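Asks: Numbering (our numbering), first residue to last: 5 to 190.
Please see the structure below; I have some questions.
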Amino acid sequence: MTDRLTRAYALIDAANAADPAGEALAYGRRMSETLEAFAPGAPEPLKLAARAQHIERWVIPRTSYPEGRVAYLTWRKDLQKLHARRAGEIMAQCGYSDEEIARTGSLLRKERLKQDADAQTLEDVICLVFLRHEADAFIAKHDDDKVRDILAKTAKKMSPRGLAAAAQVPMGERLKRLLGEALAAG
5 MTDRLTRAYA LIDAANAADP AGEALAYGRR MSETLEAFAP GAPEPLKLAA RAQHIERWVI
65 PRTSYPEGRV AYLTWRKDLQ KLHARRAGEI MAQCGYSDEE IARTGSLLRK ERLKQDADAQ
125 TLEDVICLVF LRHEADAFIA KHDDDKVRDI LAKTAKKMSP RGLAAAAQVP MGERLKRLLG
185 EALAAG
């Protein structure tokens with residue numbers, strides 16, 4: 005790991021340590037660990053996008069937007085812009101070029117998702133982190149139909165390589181069953 009990457013990770017972690025819910029720091033580290041296992045030769049802009057995926061997410065709470073799908077999607081886009089801006093500020097402090105900052109921002113905004121291999125890798129890692137660390141708690145709050153729908157949408161975002169990695173994720177019986185049903189239906 006380069007000195008500037010180490011410094012950027014430390015600054016991202018420091019920003020995420022301020023999360024009132026205490027989730028962002030662990031999430032960023034899980035993203036980095038999962039990326040390293042999934043794509044160990046990833047370029048630094050992708051590594052930084054993974055670590056900064058939810059940087060300061062709490063600054064724009066979901067509750068500050070109205071209910072409904074359109075508002076939800078607007079909130080998500082606004083978060084992507086925030087994450088790209090904050091990652092860029094940190095990267096500039098650490099000596100990254102404008103091109104590297106722009107690349108990381110593009111990844112965080114999920115531009116060209118299916119056409120850009122690094123953007124797809126980031127999306128696969130996001131889905132893998134969800135399945136490994138968040139899905140069991142999520143599915144406990146929802147009925148089977150809702151869970152199957154969410155898992156089908158998650159699977160559609162993933163590449164074949166990502167889906168193969170997802171099959172290796174340890175998961176509870178209900179999650180495993182519902183994921184299998186979602187994949188079979190899709």
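Think of the CB as a built atom: it goes at the ideal place given N, C-alpha and C, for glycine as much as any other residue.
Fair warning: this is a prediction, and the values are worked out from it, not measured in the lab.
Closer than 8 Å is the cut-off here; do at least three beta carbon pairs connect the stretch 125 to 139 with the stretch 153 to 166?
Replies: yes
Asks: Quick check: the Cα distance between K157 and E103, rounded to an integer number of angstroms?
Replies: 32 Å
Asks: Quick one: Cα of E93 to Cα of D82, how far?
Replies: 17 Å
Asks: Return the chain-ordered list of same chain residues with a C-beta closer than 6 Å to the C-beta of S110, the five sequence neighbours on each side being excluded.
Replies: none
Asks: For the alpha helix (DSSP H) holding K145, just list the boundary residues, first then last.
Replies: Note, K145: premise wrong, no alpha helix (DSSP H); not H, not E.
Asks: Measure from the alpha carbon of F134 to the alpha carbon of each residue in P70, L9 and L183, then state which is nearest.
Replies: L183
Asks: Using beta-carbon positions only, say whether T10 and L52 come within less than 8 Å of one another.
Replies: no
Asks: For H137, which residues in the same chain have their Cβ closer than 6 Å to its Cβ, ignoring the five residues on either side in sequence?
Replies: Taking H137 as the centre and dropping the five residues before and after it, the same chain places the C-beta of R34 closer than 6 Å to its C-beta, in chain order.
Asks: Whose C-alpha, out of D140, G190, D153 and A186, is nearest the C-alpha of E177?
Replies: Check the Cα spacing between E177 and each of D140, G190, D153 and A186: the tightest is with D140.
Asks: With 8 Å as the threshold, decide whether the Cβ of R66 is near any Cβ in chain D.
Replies: Of the protein chains in this structure there is only one, and it is not chain D.
Asks: Excluding the five sequence neighbours on either side, which residues of its own chain have a C-beta within less than 8 Å of the C-beta of K85, listed in chain order?
Replies: The answer, listed in chain order, is R113.
Asks: Buried or exposed for P70, going by 16 or more other Cβ atoms inside 10 Å?
Replies: exposed
Asks: According to DSSP, is L15 helix, strand or coil?
Replies: helix
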